[in-house]
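When you read off a place in the sequence shown, starting at 1, and then add 36, the result is the number in my numbering.
Ideal Cβ placement from N, Cα and C applies to all residues, glycine included.
Remember, it's a predicted structure, so these values are computed and weren't measured experimentally.
Okay, structure first, notes after.
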Amino acid sequence: MDQLLLKLEDNFEEMVSIRRYLHEHPELSHQEIHTPAYIANYHRELGLEVREFVGGRGVVATLKGAKPGKTVALRADFDALAIQELNDFLYKSKNEGVMHACGHDGHTATLLVLAKALTEMRDQLSGTIVFIHQHAEELAPGGAKAMIEDGCLDGVDVIFGTHLWAPTPLGEVLVREGAIMAAADRFEIAIQGKGGHGAEPQHSVDAIVVGAHFVTQLQTIVSRRIAPLESAVVTLGQFEAINPFNVIADTVKMQGTVRAFDEQVRRQMKEEIELLLKATCLGMHADYRFDYLDGYPPVINHVEQTQLVAQIANETPGVEKVTVCSPFMIGEDYGYYMQHVPGTFFFTGAKDPDWETVYPHHHARFDFDERAMLIAAKVLGQATLEFLLTEQREEE
Numbered sequence: 037m038d039q040l041l042l043k044l045e046d047n048f049e050e051m052v053s054i055r056r057y058l059h060e061h062p063e064l065s066h067q068e069i070h071t072p073a074y075i076a077n078y079h080r081e082l083g084l085e086v087r088e089f090v091g092g093r094g095v096v097a098t099l100k101g102a103k104p105g106k107t108v109a110l111r112a113d114f115d116a117l118a119i120q121e122l123n124d125f126l127y128k129s130k131n132e133g134v135m136h137a138c139g140h141d142g143h144t145a146t147l148l149v150l151a152k153a154l155t156e157m158r159d160q161l162s163g164t165i166v167f168i169h170q171h172a173e174e175l176a177p178g179g180a181k182a183m184i185e186d187g188c189l190d191g192v193d194v195i196f197g198t199h200l201w202a203p204t205p206l207g208e209v210l211v212r213e214g215a216i217m218a219a220a221d222r223f224e225i226a227i228q229g230k231g232g233h234g235a236e237p238q239h240s241v242d243a244i245v246v247g248a249h250f251v252t253q254l255q256t257i258v259s260r261r262i263a264p265l266e267s268a269v270v271t272l273g274q275f276e277a278i279n280p281f282n283v284i285a286d287t288v289k290m291q292g293t294v295r296a297f298d299e300q301v302r303r304q305m306k307e308e309i310e311l312l313l314k315a316t317c318l319g320m321h322a323d324y325r326f327d328y329l330d331g332y333p334p335v336i337n338h339v340e341q342t343q344l345v346a347q348i349a350n351e352t353p354g355v356e357k358v359t360v361c362s363p364f365m366i367g368e369d370y371g372y373y374m375q376h377v378p379g380t381f382f383f384t385g386a387k388d389p390d391w392e393t394v395y396p397h398h399h400a401r402f403d404f405d406e407r408a409m410l411i412a413a414k415v416l417g418q419a420t421l422e423f424l425l426t427e428q429r430e431e432e
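So, in structure tokens, the structure goes:
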């Protein structure tokens, strides 16, 4: 463990350099070309087995230790967002309208340098470590499911992952057994009325009025149809009806999202939304179209692996506090991995203590304290070694 920590500390400047290079050259989900090539080349120079174009644009590198043993997977995502960066530091995005506004550049740099450190310890390793570099986390259907279908988890016994988290102070690690992130679904609605002259509503069916009634009642699903001890969110993010001021709208279009931790609640939300939409339109003489996209599943952490990470984090230099956090309603396709193998996903605090303003993830001025990458690498690396060592002792 001490040897790993020293190697990571010695290579921290390289970790920062990689992160800043990737930040300058972001690529959108499902459009990543140079980033996966950069990742694959880095692993090849380490002498690892590398598979490219896994599930589309993913990269998988494999480190085999000198002795046989179990297999651990470590996952990092590498896609960016369609955001015009407003930061003014030297390594700001050079790609117009594209930005690493969620920390995926840091995730990738963390995993690459961790792979370097572990590779230098190959002769002491018992088992195999699989480095999963995932594309398209930000945009459904995401990259995780396709990479799994393409074999990235073949032979894997356990998986660990982390997210650098700017709202949480540097030195704090957030863990949770069970549900830590919600399922994230999307829906689209079109209400079809009958347009007409604004002065003659009796000859029309006003799609805006129908839509307004629906929106007003929409929140009653959570407050009156979902059990009070369950959690769910329905948010309507778009309501569009573009007409001249004196024209009754023929059509209204809406888009929104549903978040839930429980699969039964998730299904109920979908059913209740369509039932409410159908009843509203029927009562007001309108038609509708309802399209519901099942997004990412909830991220459900396994108990044993979560306890392992919590234990390791408590012993990691640089970690000042390990917190059992409340669940987050945000979504992540990491949940797909843990439908196949046991594992855990945790948050690594990345808030610089000297910053007066911390911009949220997906903001045009988002940034994080780069020292968080070193903490993340230490926790992930030590959890990996501890798992492999424990399994080796049990087999002996």
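Asked: Best match in Tyr-324, Phe-196 and Arg-87 for proximity to Gln-341 [C-alpha to C-alpha]; Found: Phe-196
Asked: Where the alpha helix (DSSP H) containing Tyr-328 begins and where it ends; Found: That residue, Tyr-328, is in no alpha helix (DSSP H); its beta strand (DSSP E) goes 323-332.
Asked: Beta-carbon proximity list for Ala-322, same chain, < 7 Å, skipping 5 on both sides; Found: Ile-227, Gln-228, Gly-229, Val-241, Ala-243 and Val-246
Asked: Environment of Trp-201 [buried if 16+ CB atoms lie within 10 Å]; Found: buried
Asked: Cβ contact (3+ pairs, closer than 8 Å) linking the segment 346-355 and the segment 413-429; Found: yes
Asked: Distance between Ile-284 and Ile-257 (C-alpha atoms, nearest Å); Found: 28 Å
Asked: First through last residue of the alpha helix (DSSP H) which encompasses Val-294; Found: Taken as a continuous stretch (DSSP letters only), Val-294 belongs to no alpha helix (DSSP H), being part of the beta strand (DSSP E) at 287-296.
Asked: Cβ pair count under 8 Å reaching 3, the segment 288-304 against the segment 185-196; Found: no
Asked: Sub-8 Å separation of Ala-176 and Pro-334 beta-carbons; Found: no
Asked: Beta-carbon proximity list for Ala-182, same chain, < 7 Å, skipping 5 on both sides; Found: Gly-91 and Gly-92
Asked: Ala-400 and Glu-121 closer than 8 Å at C-beta; Found: yes
Asked: Asn-282, buried or exposed, once every other Cβ within 10 Å from all chains shown has been counted against 16; Found: exposed
Asked: Integer Cβ distance of Pro-396 from Phe-402, believed to fall under 8 Å; Found: 7 Å
Asked: Segment contact, 8 Å Cβ cut-off, at least three pairs: the segment 102-116 with the segment 37-50; Found: no
Asked: Beta strand (DSSP E) segments (min. 3 residues) lying fully within the segment 327-400; Found: 335-337, 357-360 and 379-387
Asked: Three-state class that DSSP yields for Glu-208 in the structure shown; Found: strand
Asked: Helix, strand or coil at Val-194 according to DSSP, with G and I counted as helix; Found: strand
Asked: Rounded straight-line distance, which links the Cα of Ser-129 to that of Glu-60; Found: 4 Å
Asked: Tyr-57 burial status per 10 Å Cβ neighbour count (16 or more: buried); Found: exposed
Asked: Option nearest His-143 by Cα separation, candidates Phe-250, Arg-55 and Asp-186; Found: Arg-55
Asked: Cβ neighbours of Glu-85 in the same chain (closer than 6 Å, five flanking residues each side left out); Found: Thr-98
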